[in-house]
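Colleague: Before anything else, here's the structure in question.
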Amino acid sequence: MAQSTGFKKNKTAIFISGRGSNLKSLIKFSKTKNSPISIDLIISDNEKAKGLKYANMFKIKKRIFRFKDKVLAEKKILLEVKKYNINLICLAGFMKILSKKFIKNFKGKILNIHPSLLPKYKGLNTHRRAINNKENYSGCTVHLVNHKLDSGEIILQNKVKISKKDTPESLAKKILVQEHKIYPKAILKLFNL
Ligand code: GRF
Numbered sequence: 000m001a002q003s004t005g006f007k008k009n010k011t012a013i014f015i016s017g018r019g020s021n022l023k024s025l026i027k028f029s030k031t032k033n034s035p036i037s038i039d040l041i042i043s044d045n046e047k048a049k050g051l052k053y054a055n056m057f058k059i060k061k062r063i064f065r066f067k068d069k070v071l072a073e074k075k076i077l078l079e080v081k082k083y084n085i086n087l088i089c090l091a092g093f094m095k096i097l098s099k100k101f102i103k104n105f106k107g108k109i110l111n112i113h114p115s116l117l118p119k120y121k122g123l124n125t126h127r128r129a130i131n132n133k134e135n136y137s138g139c140t141v142h143l144v145n146h147k148l149d150s151g152e153i154i155l156q157n158k159v160k161i162s163k164k165d166t167p168e169s170l171a172k173k174i175l176v177q178e179h180k181i182y183p184k185a186i187l188k189l190f191n192l
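Note that numbering that gives the first Met the number 0 has the sequence shown beginning at 0, numbered continuously upward.
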């Protein structure tokens, strides 16, 4: 018999642009008994995003919005998010920057995962820059999204040691393992669990 979780799960939308490995780890997490979220919607700006396969696999609604006209795309996304009563958005490899207006209009929380120890290495090519700067550590960060790139309140971080042999690719792999661990943990923390 199915067990009641004892609380109502927060309806969540995941935004992706590519591979979707964080999406997959969040779907797995959402199905655990203690998860405070259910994943009800997957949004992508890229119809070719590999991660969209998880929508079919797990029978989750997916919607694709091209960002050629960003204002229009955001308007449509906002309607969709309201239609499904979403109260948490998780950006997971979503490569578009949401406008101040969108963030303000979404009366909920928006989280993002970034592959560096913020505030270091905001933006792209984080692994290459960390290695070039001879950092001993890099890592990943889950943070709230505000109108400045990769700058909102930090919820959780995990450190990863950079070895002398690391290439941007090997470092990305090591960090991704940690990403899959901290995103669920950060969500639990966000809901004080
Ligand atoms: C991750 O490294 C994430 O931190 C960054 O983009 C990558 C997305 O990977 N924002 P995936 O699509 O979740 O596999």
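From the three backbone atoms N, C-alpha and C, an ideal C-beta is built for every residue, glycine too.
Is residue 171 near ligand 1 - that is, is its Cβ less than 8 Å away from at least one heavy atom of it?
Modeller: Residue 171 Cβ: within cutoff of ligand 1.
Colleague: Identify, in the order they occur along the chain, each residue of the same chain with its Cβ nearer than 8 Å to the Cβ of residue 53, setting aside the five sequence neighbours on each side.
Modeller: So the qualifying residues of the chain are 19, 22, 23, 26, 41 and 59.
Colleague: Rounded to the nearest angstrom, what separates residue 119 and residue 130 at their Cα positions?
Modeller: Rounded to whole angstroms, residue 119 to residue 130 spans 13 Å at the Cα level.
Colleague: Count the other CB atoms, across all protein chains shown, that sit within 10 Å of the CB of residue 73; report buried if there are 16 or more and exposed otherwise.
Modeller: Classification for residue 73: buried.
Colleague: Name the residue from 91, 160, 29 and 97 whose alpha carbon lies nearest to the alpha carbon of residue 70.
Modeller: Answer by Cα proximity: 97.
Colleague: Quick test of your reading: residue 10 and residue 88, contact by CB under 8 Å. State the CB separation rounded to the nearest angstrom.
Modeller: At roughly 10 Å, the Cβ-Cβ gap does not stay under 8 Å, so residue 10 and residue 88 are not in contact.
Colleague: Leaving aside the five residues before and after residue 145 along the sequence, list all residues of the same chain whose C-beta is less than 6 Å from its C-beta, in chain order.
Modeller: Answer for residue 145: 151, listed in chain order.
Colleague: Considering Cα atoms alone, identify which of 104, 123 and 106 is closest to residue 112.
Modeller: Of the listed residues, the one whose Cα sits closest to residue 112 is 123.
Colleague: Helix, strand or coil, according to DSSP, for residue 4 in the structure here?
Modeller: Caution is warranted here: a pLDDT of 49 is assigned to residue 4, below 50, making its placement in the model unreliable, and the coordinate value is therefore given only provisionally. Of the three classes helix, strand and coil, the one that applies to residue 4 here is coil, per DSSP.
Colleague: Which parts of the region 72-136 are runs of the alpha helix (DSSP H), unbroken and 4 residues or longer, counting only runs that do not cross its ends?
Modeller: Runs found: 99-104 and 125-131.
Colleague: Would you mind sorting residue 105 into buried or exposed? The rule is 16 or more other CB atoms within 10 Å of its CB.
Modeller: Residue 105 comes out buried.
Colleague: Is it the case that the Cβ atoms of residue 15 and residue 66 are separated by a distance below 9 Å?
Modeller: Result no, Cβ atoms of residue 15 and residue 66 do not sit closer than 9 Å.
Colleague: What is the residue span of the beta strand (DSSP E) that residue 40 lies within?
Modeller: Unbroken beta strand (DSSP E) run through residue 40: 36-43.
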